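Chemist: Right, I'll just put the structure down here and ask away after.
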Amino acid sequence: MLSFVIPAHDEAALIGDTLQCLHACAQAMQLDYEVIVVADACEDATAAIARGHGAQVLEVQLRHIAATRNAGAQAAQGERLLFLDADTSINPRVVGAALAALDAGAVGGGARVHLQGKRVWSERVAQAFFGWFFRISGIAPGCFLFCTRAAFVSAGGFDTRYYAGEDVALSRALARCGRFVILRQTVHTSDRKLRSFSKREHLGLLLRFLWRGRRMLQTRDALGFWYRRRR
Numbered sequence: 001m002l003s004f005v006i007p008a009h010d011e012a013a014l015i016g017d018t019l020q021c022l023h024a025c026a027q028a029m030q031l032d033y034e035v036i037v038v039a040d041a042c043e044d045a046t047a048a049i050a051r052g053h054g055a056q057v058l059e060v061q062l063r064h065i066a067a068t069r070n071a072g073a074q075a076a077q078g079e080r081l082l083f084l085d086a087d088t089s090i091n092p093r094v095v096g097a098a099l100a101a102l103d104a105g106a107v108g109g110g111a112r113v114h115l116q117g118k119r120v121w122s123e124r125v126a127q128a129f130f131g132w133f134f135r136i137s138g139i140a141p142g143c144f145l146f147c148t149r150a151a152f153v154s155a156g157g158f159d160t161r162y163y164a165g166e167d168v169a170l171s172r173a174l175a176r177c178g179r180f181v182i183l184r185q186t187v188h189t190s191d192r193k194l195r196s197f198s199k200r201e202h203l204g205l206l207l208r209f210l211w212r213g214r215r216m217l218q219t220r221d222a223l224g225f226w227y228r229r230r231r
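Numbering follows full-length UniProt numbering, with no gaps: position 216 of the sequence shown is 216.
Listed below in structure tokens is the structure:
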């Protein structure tokens with residue numbers, strides 16, 4: 001069985017479309033699958049909408065993305081895990097390539113990511129650079145990260161020392177367990193973080209990370225980019 005695990009905090013606006021797309025993909029592929037939505041400290045209708053779209057919902061009060069993903073993995077029954085974000089759309093090509101990679105002996109991997117929405121040239125250049133950097137570094141963004149359950153357990157799951165960057169840490173831990181691949185196929189995810197924060201705020205985040213390094217990722221206080229939602 002393939003278990004889709006989706007962490008969600010106040011995602012009522014998006015979770016329905018994401019799950020509809022997921023089910024269409026899985027049913028077209030005739031997969032044996034389940035969907036786990038981990039509703040983390042939600043104050044909206046995320047949980048109810050997810051249940052209405054056939055997901056198993058686990059409600060938690062964590063506000064810690066690594067711990068939330070781990071809770072979903074623990075609840076899942078499948079021997080293969082595919083972690084998605086609540087604003088990410090999948091398709092049979094990318095899911096089929098992920099399963100084929102696991103069949104061929106990979107312990108896990110990720111895919112190319114396309115940010116939806118219009119962007120100016122500087123944003124397109126930045127997206128291309130970071131996409132290239134993630135591929136050559138063997139890092140799978142958390143919006144689409146797959147692995148076997150055995151490898152997930154061996155790697156220790158998502159490292160709960162980190163409130164962000166947990167996907168980078170798990171990618172590296174899985175690579176120590178075996179072959180970790182970045183697929184040529186693409187998933188689509190929203191560009192809401194680009195739109196919600198100014199270029200100045202993005203630059204400030206980068207400079208703080210360059211100054212403090214991984215220590216910055218070990219407290220929620222400096223991570224409003226991930227933990228503060230702008231309406």
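Note that CB positions come from ideal geometry on N, CA and C, so glycine has one too.
Keep in mind the model is a prediction, meaning the values are calculated, not measured.
Using 8 Å as the threshold, is the C-beta distance between Leu81 and Arg149 below it?
Modeler: On the sequence shown, residue 81 is found 81 positions in, with the first residue counted as 1. On the sequence shown, residue 149 is found 149 positions in, with the first residue counted as 1. Yes, they are a contact pair.
Chemist: Are the C-beta atoms of Gly96 and some chain C residue less than 8 Å apart?
Modeler: Among the protein chains of the structure shown there is no chain C, as only one such chain exists.
Chemist: Put residue 309 into one of helix, strand or coil per three-state DSSP.
Modeler: What the structure shows of the chain is the stretch from 1 to 231, and residue 309 is not part of that stretch, so it cannot be assessed.
Chemist: Determine the DSSP secondary structure at Asp32, reduced to helix, strand or coil.
Modeler: Within the sequence shown, residue 32 is the residue found at index 32, counting from 1. If DSSP states are grouped into helix, strand and coil, Asp32 belongs with coil.
Chemist: Quick one, which of Ala97, Ala140, Arg112 has its alpha-carbon nearest Gly105's?
Modeler: Counted from its first residue, the sequence shown places residue 105 at position 105. Answer by Cα proximity: Ala97.
Chemist: Work out the CA separation of Phe4 and Met29 for me, nearest whole Å.
Modeler: Indexing the sequence shown from 1 puts residue 29 at position 29. Indexing the sequence shown from 1 puts residue 4 at position 4. Separation of Met29 and Phe4 (C-alpha to C-alpha, rounded to the nearest whole angstrom) is 14 Å.
Chemist: With a cut-off of 8 Å on the beta carbons, I'd call Cys143 and Thr68 a contact; round off their distance for me.
Modeler: In the sequence shown, the residue the question calls residue 143 occupies position 143. In the sequence shown, the residue the question calls residue 68 occupies position 68. Not a contact, Cβ separation roughly 14 Å.
Chemist: Rounding to the nearest angstrom, what Cα-Cα distance links Leu207 and Arg63 in this structure?
Modeler: By one-based count along the sequence shown, residue 207 stands at place 207. By one-based count along the sequence shown, residue 63 stands at place 63. Note that Leu207 scores a pLDDT of 49, beneath 50, so its modelled location is shaky; the value from the coordinates is reported in the next line. Their Cα atoms are separated by approximately 24 Å.
Chemist: To which residues of the same chain is Arg51 closer than 6 Å at the C-beta, ignoring the five residues directly before and after it?
Modeler: For the purposes of this step, residue 51 is taken as the residue at position 51 of the sequence shown. Excluding sequence neighbours, Arg51 sits near Val57.
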